[in-house]
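> If you scroll down you'll find the structure; I have some questions about it.
The following block contains the structure:
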């Protein structure tokens, strides 16, 4: 089947799914979970094909580890689906409601988008996650995973589709697109009218391509050049803990800090401490001239460093002369993901919160908290860095649209 | 200045505007209103240039009437700005908030988009409306009106910019783009990163072009092929009043009905009545074979009729065999704007409301109620027919994004 045929089938399936009750959707999610565990052997066997191909292609062991599935990892995917079943259903929520002066009853109600397209890279567990989140939010899912995980993804989707059908919902609410050709991505991006929203998850190149070429509305995710700004009025101990946690707790993720800005008045006290800690932790420090003066191990930062999302054990560090300079720097180089200030000054934090435009502005805490799980959403389909529709971590409500229901008794407009 | 230079200036102005209080913005709106009235003579004189050009170009008097400004029409624009000043400010609203298990305080707060681009046709009053709505919601506005109204729009924007500056806000929050060339539309559509959202208002061709070519996120507005479905269990009197009001109260607008679907069981009772009323009101009825049997004045409907937004005194009429057939017809030909059912059956209305996917689903009332003013929003920038971000009439909150503010006391992630 072509992508357009798959999308058309998804569109029809989505009509039934939109009418499914929470009980019906939760029963499907629980059956999907049970079947993944039952069929873990087949899934791991299909994964072995992907692993073997990756080895033949000379893929690094780090990436192979991300790709690899074990019975335990399959069980974790199943647990994710069970957690989704336990979450409230966003569909049918009344977002606002009132009775108008003429007696018309107005309600704005959450409804599914219809058909959601996902383009993603890497780990096959995203396949089960995305399928589950879409199903719970009443959306049919068109999943375009990476070529390197195609055999694994095909096995997972086959199990999930059978479970959905056995639970009495249309199997075509979950479909895997051909990952062996780039054409499937192109067709998906042009399927306006059949696909309601497209969510790319992956590297900056993938996201840029989708944003520029898609006629289907896109929710942009992920690129995070996140800053920690240590204000003149910072508590040094908190500043050190927050910087280290933001940079080193996990450095390959979009909410890790990539840049540290230090107010000049606190530089003498703070920089020696933080540079030593960063360097001890194996982080390469790319610093400006003032930073370099504090430690010989600092590498000279280039202009490119300030705009780089390293996703590695690297950090750029600059001294700034004021809070305004810090905000100007963030406006110039930030990607609108997560920006943190460390300060005990209420005035400084108020100005930073008001003046910095990002999905998340964090006061005296690690950038790593920008996450659907940490925010208590229970499920996350990605972190939006755009301003339209959803901004920041996206949970189930972010995968819905709304409709107005207007109820009268023969009302006409005068 | 090029569009990109104007957009860059808007971006800088938007930073100041985002920090403006409600009091500052309302003072600017009131001054804008006063100045429009004071300078009405200049505006009407500028308008005379557009009118004269339109006459030279052989423009119809109906369109010239839409274009024409009088002191009274300028006063109405000023009143619109005063009404905006009286509306609550959406900026700073806390959309959701909680304290997480670890003590982090999470708040999701409404913030402006930043820079909003508007592409619109026809009447110059839209210029003042759009400028006011954007200012109240904290957004800088890049306004690309029609070439036919360029002289009028230039005069209006000149007055508004001076008023904004005199009120202490940056004049560049309101800018008119060159309407004498199509290049300004093209540049605006490619100004991703400088312009946060683009709202096209106008004909289907304009909207399609923007949706297909823009890399700036778009909010699609307007096309409405709206249906009235008269169910087997309809009250005939309500059905007649609602059909007539939906079609004839004003037929050039997107929420006017373009198509009538009548359940076969009520066709004998209802069609003679409604056809006579429609024909008496000067409406051309494009009917299917069954409809044509009821009245010789019915014109045979072609396949194209079912998908046409007439925006004129025309209506397509079909007999359907069931509620499901009505919903299938609406799915096939509807544009997701407004769909109405007339029925006294709770079961039928429940099924219709659940099964029809549109910005507004209306029960026993006219399609003409889908409107920001009728919904009590106080201001409207357009009616979205897309599912992302905003659906249905868009008021001030729909012109905002959100950001998460996360406040801790040295919190790090474990």
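Protein chains in written order, with full-length UniProt numbering: chain D, 1 to 414; chain R, 1 to 414.
Ideal Cβ placement from N, Cα and C applies to all residues, glycine included.
Keep in mind it's a predicted model, so treat the numbers as computed, not measured.
1) From the beta carbon of residue 83 of chain R, is the nearest beta carbon of chain D less than 7 Å away?
2) Which residues, in order along the region 239 to 269 of chain R, keep a beta-carbon less than 7 Å from a beta-carbon of chain A?
3) Which residues in chain D sit within 8 Å of residue 309 of chain R, going by Cβ to Cβ distance?
4) What did DSSP end up calling residue 180 of chain D once you bin it into helix, strand or coil?
5) Rounded to the nearest angstrom, how far is the Cβ of residue 416 of chain R from that of residue 266 of chain R, given a contact under 8 Å?
6) Examine chain D for any beta-carbon lying closer than 7 Å to the beta-carbon of residue 409 of chain R, and answer yes or no.
7) Taking contact to mean 3 or more Cβ pairs, one atom from each stretch, closer than 8 Å, check whether the region 13 to 20 of chain R and the region 122 to 135 of chain D are in contact.
8) Whole angstroms are fine: how far does the CA of residue 365 of chain R sit from the CA of residue 240 of chain R?
9) Residue 408 of chain R and residue 176 of chain R - do their beta-carbons sit closer together than 7 Å?
10) Over the uninterrupted beta strand (DSSP E) stretch that includes residue 331 of chain D, give me the two end residues.
11) State the start and end residues of the unbroken beta strand (DSSP E) segment that holds residue 314 of chain D.
12) When you compare the CB positions of residue 78 of chain D and residue 37 of chain D, do they come within less than 7 Å of one another, or not?
13) Please decide whether residue 234 of chain D counts as near chain R, where near means a Cβ-Cβ distance under 7 Å.
14) Closer than 8 Å, Cβ to Cβ, to anything on chain R: give me those residues from the region 357 to 383 of chain D, in chain order.
15) If contact is defined by three or more beta carbon pairs under 8 Å, each pair taking one atom from either stretch, is the region 379 to 389 of chain D in contact with the region 265 to 281 of chain D?
16) Could you give the distance in angstroms between the alpha-carbon of residue 362 of chain R and the alpha-carbon of residue 257 of chain R?
17) So the candidates are D:185, D:168, D:124 and D:334; which of them puts its Cα closest to the Cα of residue 155 of chain D?
18) In whole angstroms, what separates the C-alpha of residue 171 of chain D from that of residue 391 of chain R?
19) How would you list, in chain order, the residues of chain R whose beta-carbon sits under 7 Å from the beta-carbon of residue 352 of chain D?
20) Could you tell me whether the Cβ atoms of residue 393 of chain R and residue 369 of chain R are closer together than 7 Å?
21) For residue 213 of chain D, which of helix, strand or coil comes out of DSSP?
22) List in chain order: all unbroken alpha helix (DSSP H) runs of 4+ residues lying wholly within the region 217 to 268 of chain D.
23) Determine the direct distance from the alpha carbon of residue 12 of chain D to that of residue 140 of chain D, and round the result to whole angstroms.
24) List the residues that DSSP assigns as beta-bridge partners of residue 142 of chain R.
25) Kindly indicate the opening and closing residues of the alpha helix (DSSP H) around residue 86 of chain R.
26) Mind checking whether the beta-carbon of residue 307 of chain R lies closer than 6 Å to any heavy atom of the ligand PLP?
27) Is it a yes or a no for the region 268 to 285 of chain D touching the region 297 to 316 of chain D, going by three-plus beta-carbon pairs under 8 Å?
28) Taking the C-alpha atoms as reference points, what is the distance between residue 118 of chain D and residue 74 of chain D?
29) Leaving aside the five residues before and after residue 488 of chain D along the sequence, list all residues of the same chain whose C-beta is less than 6 Å from its C-beta, in chain order.
30) Taking only beta-carbon positions, decide if residue 221 of chain R is within less than 7 Å of chain D.
31) Flag this pair as yes or no: are the beta carbons of residue 160 of chain D and residue 406 of chain D separated by less than 7 Å?
32) Is residue 120 of chain D near residue 80 of chain D, with beta carbons less than 7 Å apart?
33) So the beta strand (DSSP E) residue 96 of chain R belongs to, where does it begin and stop?
34) Give me the chain D residues within the contact set of residue 385 of chain R, using Cβ-Cβ distance strictly less than 7 Å, ordered along the chain.
35) Less than 8 Å between the CB atoms is what I'm expecting for residue 137 of chain D and residue 90 of chain D, so what's the real figure, rounded?
36) Output yes if chain R places a C-beta closer than 7 Å to the C-beta of residue 286 of chain D; else output no.
Reading from the atomic positions:
1) False, the Cβ-Cβ gap to chain D never drops below 7 Å.
2) The question asks about chain A, but that chain is absent: this structure's protein chains are D and R.
3) Under the 8 Å cutoff, chain D gives no residues; its nearest Cβ is about 16 Å from residue 309 of chain R.
4) Under the three-state reduction of DSSP output, residue 180 of chain D falls in the coil class, being neither helix nor strand.
5) Shown here, chain R extends from 1 to 414; a query on residue 416 of chain R therefore has no answer.
6) With 7 Å as the cut-off, residue 409 of chain R counts as an interface residue toward chain D.
7) By the Cβ criterion, the region 13 to 20 of chain R is not in contact with the region 122 to 135 of chain D, since fewer than three pairs of Cβ atoms, one from each stretch, lie closer than 8 Å.
8) So the two alpha carbons sit approximately 11 Å from each other.
9) Result no, Cβ atoms of residue 176 of chain R and residue 408 of chain R do not sit closer than 7 Å.
10) Taken as a continuous stretch (DSSP letters only), residue 331 of chain D belongs to no beta strand (DSSP E), being part of the alpha helix (DSSP H) at 323 to 333.
11) Note, residue 314 of chain D: beta strand (DSSP E), 314 to 320.
12) Taking 7 Å as the Cβ cut-off, residue 78 of chain D and residue 37 of chain D qualify as a contacting pair.
13) It does not; no Cβ of chain R falls within 7 Å.
14) Against chain R - using a Cβ distance shorter than 8 Å - the residues of the region 357 to 383 of chain D are 357, 358, 359, 360, 361, 362, 363, 364, 365, 366, 368, 369, 370, 374, 375 and 376.
15) Short answer: they don't touch.
16) Between the alpha carbons of residue 362 of chain R and residue 257 of chain R lies a gap of roughly 12 Å.
17) Selection D:185, D:168, D:124 and D:334 evaluated against residue 155 of chain D yields D:124 as nearest (Cα-Cα).
18) Distance between the alpha carbons of residue 171 of chain D and residue 391 of chain R is about 29 Å.
19) Correct list: empty, because the minimum Cβ distance to chain R is about 10 Å.
20) Their beta carbons are not under 7 Å apart, which means residue 393 of chain R does not touch residue 369 of chain R by this criterion.
21) Here residue 213 of chain D carries a helix assignment [DSSP, helix/strand/coil].
22) Look at the region 217 to 268 of chain D and you find these whole runs of alpha helix (DSSP H), each 4 residues long or longer: 236 to 248.
23) Distance between the alpha carbons of residue 140 of chain D and residue 12 of chain D is about 9 Å.
24) Residue 142 of chain R is bridged to R:117 and R:175.
25) Note, residue 86 of chain R: alpha helix (DSSP H), 71 to 86.
26) Judged by which ligands are present, the structure shown has none, so any question about the ligand PLP falls away.
27) Touching, yes.
28) Taking C-alpha positions only, residue 118 of chain D is separated from residue 74 of chain D by approximately 21 Å.
29) The shown model of chain D, from 1 to 414, leaves out residue 488 of chain D, and the question about it has no answer.
30) It does not; no Cβ of chain D falls within 7 Å.
31) In this structure, residue 406 of chain D does not lie closer than 7 Å to residue 160 of chain D by Cβ.
32) No. Outside cutoff.
33) Boundaries of the beta strand (DSSP E) harbouring residue 96 of chain R: 94 to 99, taken from the DSSP string.
34) In chain order: nothing, as chain D lies at least about 11 Å away.
35) Between residue 90 of chain D and residue 137 of chain D the Cβ distance is about 6 Å, and since that is below 8 Å, they are a contact.
36) No, its Cβ sits nowhere closer than 7 Å to a Cβ of chain R.
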